[in-house]
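Asker: If you read the protein sequences in the order shown, they are chains A and B. Everything in the first sequence is counted per the numbering used here, starting at 3 for the first residue and increasing by one. Everything in the second sequence is counted per the numbering used here, starting at 26 for the first residue and increasing by one. Have a look at the structure that comes next, please.
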Amino acid sequence: FSIYGRKWQKRSLTYRIENYTPDMSVAEVDASIGKALQVWAKVTPLRFTRIYSGIADIMISFVRREHGDFNSFDGPGNTLAHAFAPGDGLGGDAHFDDDESFTFRSSRGVVLFIVAAHEFGHSLGLGHSNVPGALMYPTYSYRNPDTFVLPQDDVRGIQYLYGPNSRKDPSVDDPKPPTTPDACDSNMVLDAVTTHRGEIIFFKDSFLWRSFPQSQTPQQSLIRSLWPSAPVDIDAAYESRQLDTVFLFKGRKVWAFTGNQPVRGYPKTLTAFGLPKGVRKIDAALHDVNSGKTLFFVGNNYFSYDESRKTMEQGYPRLVNQAFAGLTRRVTAAFQHKGYTYIYSGPYVYEYDLGTGTRHRELRNSYFLRCT
Amino acid sequence: VPLSEVSVEDESFAKNYLKKFFNLTEEEGPAVRRGISPVNKKLAEMQRFFGLQITGSLDADTLAMMKKPRCGVPDEQVAR
Numbered sequence: 003f004s005i006y007g008r009k010w011q012k013r014s015l016t017y018r019i020e021n022y023t024p025d026m027s028v029a030e031v032d033a034s035i036g037k038a039l040q041v042w043a044k045v046t047p048l049r050f051t052r053i054y055s056g057i058a059d060i061m062i063s064f065v066r067r068e069h070g071d072f073n074s075f076d077g078p079g080n081t082l083a084h085a086f087a088p089g090d091g092l093g094g095d096a097h098f099d100d101d102e103s104f105t106f107r108s109s110r111g112v113v114l115f116i117v118a119a120h121e122f123g124h125s126l127g128l129g130h131s132n133v134p135g136a137l138m139y140p141t142y143s144y145r146n147p148d149t150f151v152l153p154q155d156d157v158r159g160i161q162y163l164y165g166p167n168s169r170k171d172p173s174v175d176d177p178k179p180p181t182t183p184d185a186c187d188s189n190m191v192l193d194a195v196t197t198h199r200g201e202i203i204f205f206k207d208s209f210l211w212r213s214f215p216q217s218q219t220p221q222q223s224l225i226r227s228l229w230p231s232a233p234v235d236i237d238a239a240y241e242s243r244q245l246d247t248v249f250l251f252k253g254r255k256v257w258a259f260t261g262n263q264p265v266r267g268y269p270k271t272l273t274a275f276g277l278p279k280g281v282r283k284i285d286a287a288l289h290d291v292n293s294g295k296t297l298f299f300v301g302n303n304y305f306s307y308d309e310s311r312k313t314m315e316q317g318y319p320r321l322v323n324q325a326f327a328g329l330t331r332r333v334t335a336a337f338q339h340k341g342y343t344y345i346y347s348g349p350y351v352y353e354y355d356l357g358t359g360t361r362h363r364e365l366r367n368s369y370f371l372r373c374t
Numbered sequence: 026v027p028l029s030e031v032s033v034e035d036e037s038f039a040k041n042y043l044k045k046f047f048n049l050t051e052e053e054g055p056a057v058r059r060g061i062s063p064v065n066k067k068l069a070e071m072q073r074f075f076g077l078q079i080t081g082s083l084d085a086d087t088l089a090m091m092k093k094p095r096c097g098v099p100d101e102q103v104a105r
């Protein structure tokens with residue numbers, strides 16, 4: 003996190019909503035703004051009171067283009083909003099670009115609650131964070147307002163300025179602030195790994211890392227920065243090069259994306275891939291480029307799906323260790339790279355030659371997902 | 026999706042972006058031309074902040090990051 007070096011000297015602040023966006027109802031705007039302020043009130047001694055006339059500490063308005071503060075907005079896209087650091091006059095004020103399409107909770111548009119919570123971070127003295135996934139990261143990505151929990155980096159930032167909330171009811175068990183997964187954590191167990199147009203993508207919680215062939219440094223971002231309608235905490239993923247499509251699995255549902263566009267007709271259920279109705283989730287998926295078959299790992303077993311015929315092959319499920327010698331533990335992720343098959347089990351990666359069924363090496367996560 | 030090349034419009038867009046969000050000031054005088062250009066320095070600063078590969082040049086990933094919807098911090102904040 004970063005700070006501007008300015009903070010409010012008082013703990014009780016006022017806010018006023020000067021006008022409304024036509025994109026949402028008055029009640030939705032009121033609720034989004036109120037909830038966005040509570041994000042910060044929950045973890046600090048700060049308290050916010052709404053006023054309906056006069057000058058509030060935080061004046062909130064929806065404006066377009068040039069709006070009197072010499073920081074013009076730029077029409078739809080790019081800049082969504084801005085807010086001023088604590089102080090008199092414009093200090094603390096938050097302006098929202100009304101050329102955007104604000105929404106209450108839909109991923110088709112910009113969720114006002116998320117943008118407002120970010121801007122109020124500025125209103126209270128926080129600058130931008132360089133931690134992907136932090137609320138104060140400067141770029142927008144969709145998050146569900148109903149399940150939002152202020153990330154750890156933002157909690158640390160705001161408590162550095164104002165301290166923790168001493169009036170918190172100890173009987174209320176708040177959800178733990180989410181932390182950003184660390185590629186240098188040698189015990190991390192990845193959710194899924196897949197190739198994607200020459201890159202390797204590693205999934206963990208609501209994050210992914212993209213590893214480019216020409217770069218040694220994997221790039222971390224939120225899954226929803228790449229695919230706004232994608233699920234988080236996925237179970238498995240694979241790429242079909244024939245279809246130029248990446249499939250993401252979570253529970254009984256499957257999502258599909260070509261490039262960064264969702265494929266029409268998805269999400270579908272696991273049964274669309276020929277898996278029995280009794281399968282509630284898969285552990286991992288592996289697309290074999292040579293045979294065109296996709297293997298779905300479920301517990302100690304695996305199924306084989308024929309991509310060209312779009313049917314499940316006869317004689318499955320089979321035991322995993324029949325095809326992968328010595329593999330007795332649950333498969334957590336799998337992918338192919340340069341002709342070899344890599345099976346993840348916990349923090350370990352096993353290198354196989356699928357043609358001969360032989361195991362070559364035992365590796366660690368960091369072999370592909372480098373700690374930099 | 027990788028971009029094949031960076032257009033003149035993209036370069037101008039990137040310069041404006043760096044002026045707005047990374048305090049890029051116009052380069053002037055021979056001293057600047059002898060060293061790394063301020064644009065390249067600011068590009069490296071931006072790439073470091075966003076965890077991108079630090080090349081100091083305007084590549085497809087950097088441009089894609091610049092074009093993402095974002096918060097526009099007011100200039101007054103920097104002055105303060």
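Heads up, the beta-carbon is just placed ideally off N, CA and C, and yes, glycines get one too.
Compare the Cα-Cα distances from Pro94 (chain B) to each of A:Thr51, A:Ile116 and A:Phe64 and report the closest residue.
Answerer: For Pro94 (chain B), the nearest C-alpha among the options comes from A:Ile116.
Asker: In terms of alpha-carbon separation, which member of A:Phe106, A:Gly94, A:Ala38 and A:Ile5 lies closest to Ser27 (chain A)?
Answerer: A:Phe106
Asker: Is the separation between the beta-carbon of Pro134 (chain A) and that of Gly97 (chain B) shorter than 8 Å?
Answerer: no
Asker: Any residues in the region 71-83 of chain B with a beta carbon nearer than 9 Å to a beta carbon of chain A? Which ones, in chain order?
Answerer: Arg73, Phe74, Phe75, Gly76, Leu77, Gln78 and Ile79
Asker: By the 10 Å Cβ neighbour count, where 16 or more other Cβ atoms means buried, how is Arg13 (chain A) classified, buried or exposed?
Answerer: exposed
Asker: Taking a contact to mean a Cβ-Cβ separation below 8 Å, would you say Pro319 (chain A) touches Val300 (chain A) in this structure?
Answerer: Result yes, Cβ atoms of Pro319 (chain A) and Val300 (chain A) sit closer than 8 Å.
Asker: May I ask you to list the residues that DSSP assigns as paired with Ser63 (chain A)?
Answerer: A:His97
Asker: Pull up the DSSP beta-bridge partners for Met314 (chain A), would you.
Answerer: A:Tyr307
Asker: Once DSSP output is grouped into helix, strand and coil, what is the label at Ala232 (chain A)?
Answerer: coil
Asker: For Ala336 (chain A), which option in A:Gln40, A:Tyr240 and A:Gly91 has the closest C-alpha, if you only look at C-alpha atoms?
Answerer: A:Tyr240
Asker: Take Ala258 (chain A) and list the residues in its own chain whose beta-carbon comes closer than 6 Å to its own, dropping the five residues that flank it on each side.
Answerer: Shown here for Ala258 (chain A): same chain residues with a beta carbon closer than 6 Å to its own, the five before and five after excluded, namely Thr247, Phe249, Val265 and Tyr268 in chain order.
Asker: Starting from Leu82 (chain A), find everything on chain B with Cβ-Cβ shorter than 8 Å and list it in chain order.
Answerer: Pro94, Arg95, Cys96 and Gly97
Asker: Does any C-beta atom of chain B lie closer than 8 Å to the C-beta of Pro153 (chain A)?
Answerer: Closer than 8 Å: no.
Asker: Pull up the distance between the alpha-carbon of Leu28 (chain B) and that of Trp229 (chain A), whole angstroms please.
Answerer: Interpretation of Leu28 (chain B) is limited by its pLDDT of 45, a score under 50 that renders its predicted location unreliable; no figure is taken from the coordinates.
Asker: So what's Ser213 (chain A) in DSSP terms, helix, strand or just coil?
Answerer: strand
Asker: According to DSSP, is Tyr17 (chain A) helix, strand or coil?
Answerer: Three-state DSSP puts Tyr17 (chain A) in a strand.
Asker: Taking only beta-carbon positions, decide if Ser217 (chain A) is within less than 8 Å of chain B.
Answerer: When Cβ-Cβ separations below 8 Å define contact, Ser217 (chain A) makes contact with chain B.
Asker: Label Ala104 (chain B) either buried or exposed according to how many other C-beta atoms from any shown protein chain fall within 10 Å of its C-beta, with 16 as the threshold for buried.
Answerer: Unreliable placement is indicated for Ala104 (chain B), whose pLDDT of 44 sits below 50; the coordinate value is still reported in the next sentence. So Ala104 (chain B) counts as exposed.
Asker: Going by DSSP in three states, Leu43 (chain B) sits in which element: helix, strand or coil?
Answerer: Three-state DSSP puts Leu43 (chain B) in a helix.
Asker: Let's test the definition: count the other Cβ atoms within 10 Å of the Cβ of Glu51 (chain B) and tell me whether it reaches 16, buried, or not, exposed.
Answerer: exposed
Asker: Could you spell out where the alpha helix (DSSP H) holding Lys67 (chain B) opens and where it closes?
Answerer: Taken as a continuous stretch (DSSP letters only), the alpha helix (DSSP H) holding Lys67 (chain B) covers Pro63 to Phe74.
Asker: Grouping DSSP H, G and I as helix and E and B as strand, with all else coil, what is Gln40 (chain A)?
Answerer: helix
Asker: Kindly identify the DSSP beta-bridge partner or partners of Tyr399 (chain A).
Answerer: What the structure shows of chain A is the stretch from 3 to 374, and residue 399 (chain A) is not part of that stretch, so it cannot be assessed.
Asker: Near Phe50 (chain A), which residues of its chain fall below 7 Å by C-beta distance, leaving aside the five closest residues on each side in sequence?
Answerer: Leu15, Tyr17, Leu39 and Ala43
Asker: Assuming contact is defined by CB atoms lying nearer than 8 Å, are Pro88 (chain A) and Lys9 (chain A) in contact in what I supplied?
Answerer: Less than 8 Å separates the beta-carbon of Pro88 (chain A) from that of Lys9 (chain A).
Asker: For a quick check, are the C-beta atoms of Arg66 (chain A) and Asp99 (chain A) less than 8 Å apart?
Answerer: yes
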